[in-house]
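Its first residue numbered 3, the sequence shown is counted upward by one per residue in my numbering.
Report on the structure given below.
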Amino acid sequence: MTPTRHKLPIALLKALDLVFVICSFSLTTAFIVKTQHETSLQDFLSMRARVSDFLIFALALFVYHAMFRVVGLYRSRRFSRRVSELADAVKATTLSTACFVAISAAFSIRMATVPFLCIFWITTTVIIVLSRLLMRGLLSRVRVRGRNLRFMLIFGTNPRAVAFAHTIVQRPELGYRLLGFVDDIWFGVPEFHRSGFRIVSDYSGLGEFLRRNVVDEAVIYLPFGSFYHRWFDVANLCAHHGIILRLNADTFGLRQARWHSEDFDGSHYIATKTGAGEGWPVTAKRLLDVLVSFTLLMILSPLLILVATAIKLTSRGPVFFLQERIGINKRRFRIYKFRTMVPNAEKLMSTLETENEVTGPVFKIKNDPRITTIGWFLRRSSIDELPQLLNVFKGDMSLVGPRPLPVRDYEGFNEDWQRRRFSVKPGITCLWQVGGRSTVSFDQWMLLDLKYLDEWSLWLDLKILARTVPAVLRGSGAA
């Protein structure tokens with residue numbers, strides 16, 4: 003919940019953002035009218051606007067406000083990095099402009115041409131980003147001078163708590179003032195005192211301390227297993243006093259997990275996720291998968307028919323190779339590929355196990371004797387992968403994601419950390435695909451997959467797709 007004293011600044015920020023959008027729209031309109039020379043700016047401004055025009059414009063402003071709020075431009079950004087805040091600003095303007103495109107198409111707004119929309123997006127993005135930079139700079143100066151402060155307590159005196167305290171003290175621009183630590187006497191207290199910080203209360207006197215002092219936030223660094231009841235008491239006291247209580251994911255050993263709160267049947271839960279998350283980016287990723295896969299299937303249909311005919315004419319057996327693969331959260335699905343091997347290739351695998359050229363549970367042979375004549379070309383050019391666009395369109399796979407592995411390879415995994423790669427949909431291409439493919443060791447492959455999960459964004463997907471094309475043309479690492 004937003005504290006009452008912060009509601010007015012946030013309301014002003016929301017109003018200011020709408021003013022920025024209106025200014026951006028006006029500047030873009032003036033530029034387009036002036037450069038197209040179809041009518042003078044004076045004549046354009048003298049045109050009479052209809053009531054419906056105002057309603058459509060009001061709807062667009064509401065959409066911009068809603069998208070800015072959904073992306074998180076109005077939540078507290080004290081702990082956020084500058085890059086993260088600016089990235090969210092770009093996401094907000096991009097998503098809002100995409101919605102404006104939909105509104106323009108629905109109501110046949112003639113002025114919403116491609117040049118107009120591009121200039122409008124660029125102008126809005128630049129203004130919003132600059133406003134966030136300016137606001138961040140002003141707030142930093144204000145906080146360093148002792149205004150807009152948040153007073154903080156830290157529960158626990160272990161080394162992790164001390165390290166966090168040093169971070170707070172060394173960054174006054176965040177606007178936090180450390181009141182001190184709360185803890186009872188234990189064998190680590192002498193070491194804690196050498197840090198220069200002080201204990202302001204023990205747990206028995208915590209209630210009295212909170213009643214007598216200004217405390218806005220608290221951070222808890224107590225071990226959860228051995229101090230469960232202490233956690234319960236501290237959390238209740240903070241709730242009674244309306245104090246924000248923060249906890250670090252390292253407490254549970256979940257450094258890679260993303261945390262969020264949710265309601266279920268009237269109860270509150272804290273959920274963790276290590277995959278791509280939820281919300282509009284995941285929806286946009288699925289929309290991109292559907293649109294691109296459908297478009298490519300239509301465009302490449304003559305090539306697909308030609309390849310299918312060539313396979314049928316040059317070797318016995320089916321055109322497609324269907325195999326059970328491991329998908330998201332261990333769900334199994336049948337993958338589509340053009341057949342590049344002899345029909346009984348899987349039965350012959352046991353006789354070739356000793357010739358496997360890669361480490362780990364996967365099976366790869368550079369000069370595999372089971373590959374047909376045309377199969378060498380299809381594999382080298384990655385054309386054999388094209389039928390997987392059907393899997394993408396169906397939803398079994400995504401354009402970008404960890405490669406789907408056969409059941410045989412999955413059963414050879416011997417480390418649970420490797421299985422985190424299955425928490426997202428598998429894809430046609432990923433970091434491994436553009437980083438060497440078969441030349442990358444199994445452990446490096448798994449680390450690249452986890453790196454993709456931890457750093458995932460729509461922009462990362464687009465970069466991987468862009469890098470996949472030259473990688474395929476070079477045939478780098480193909481096997």
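Note that the Cβ used here is the ideal one computed from N, Cα and C, for glycine as well.
Run the CB neighbour count on residue i, radius 10 Å, all protein chains shown included, and call it buried at 16 or more, exposed below.
i	result
residue 230	exposed
residue 28	exposed
residue 154	buried
residue 22	buried
residue 311	exposed
residue 120	exposed
residue 458	buried
residue 126	buried
residue 307	exposed
residue 406	buried
residue 313	buried
Is the CB-CB distance between residue i and residue j below 8 Å?
i	j	result
residue 180	residue 170	yes
residue 374	residue 351	no
residue 2	residue 177	Given that the chain is displayed from residue 3 to residue 481, the structure contains no residue 2 and the question cannot be resolved.
residue 159	residue 123	no
residue 166	residue 221	yes
residue 322	residue 341	yes
residue 449	residue 425	no
residue 334	residue 324	no
residue 319	residue 283	no
residue 404	residue 432	yes
residue 134	residue 88	yes
residue 218	residue 245	yes
Between the alpha carbons of residue i and residue j, how many angstroms are there, rounded?
i	j	result
residue 157	residue 184	5 Å
residue 294	residue 106	23 Å
residue 201	residue 195	9 Å
residue 69	residue 130	13 Å
residue 47	residue 66	Any reading at residue 47 must be qualified, since the residue scores a pLDDT of 49, below 50, and its modelled position is unreliable; the value itself is stated next. If you take the alpha carbons of residue 47 and residue 66, they lie about 24 Å apart.
residue 392	residue 398	9 Å
residue 402	residue 100	22 Å
residue 428	residue 377	24 Å
residue 408	residue 349	14 Å
residue 328	residue 412	7 Å
residue 72	residue 12	14 Å
residue 249	residue 434	35 Å
residue 468	residue 461	11 Å
residue 62	residue 90	20 Å
residue 470	residue 430	10 Å
residue 242	residue 209	10 Å
residue 446	residue 317	36 Å
residue 368	residue 297	33 Å
residue 383	residue 451	23 Å
residue 109	residue 35	21 Å
residue 481	residue 415	Residue placement at residue 481 is poorly supported in this model, since its pLDDT is 46, which falls under 50; the coordinates are not used for a value here.
residue 102	residue 144	36 Å
residue 24	residue 77	22 Å
residue 37	residue 111	19 Å
residue 347	residue 338	16 Å
residue 396	residue 289	12 Å
Within the continuous alpha helix (DSSP H) that includes residue i, where are the two ends?
i	result
residue 380	375–383
residue 549	Outside the displayed span of the chain (3 to 481) sits residue 549, for which this structure offers no information.
residue 415	Here residue 415 belongs to no alpha helix (DSSP H), and DSSP marks it neither H nor E.
residue 125	116–146
residue 87	84–108
residue 210	208–214
residue 247	Note, residue 247: premise wrong, no alpha helix (DSSP H); beta strand (DSSP E) at 246–249.
residue 236	230–243
residue 166	161–172
Would you kindly report the start and end of the unbroken beta strand (DSSP E) that includes residue i?
i	result
residue 154	152–157
residue 200	Run containing residue 200: none; DSSP gives neither H nor E here.
Helix, strand or coil, according to DSSP, for residue i in the structure here?
i	result
residue 402	strand
residue 349	helix
residue 324	strand
residue 468	helix
residue 339	strand
residue 191	helix
residue 429	strand
residue 457	coil
residue 183	strand
residue 479	Residue placement at residue 479 is flagged as unreliable, the pLDDT there being 45, under the threshold of 50; a coordinate-derived value is accordingly withheld.
residue 304	helix
residue 224	coil
residue 407	strand
residue 66	helix
residue 149	coil
residue 77	coil
residue 47	Summary for residue 47: the model assigns pLDDT 49, below 50, so the residue's position carries little reliability, and this model does not support an answer.
residue 318	coil
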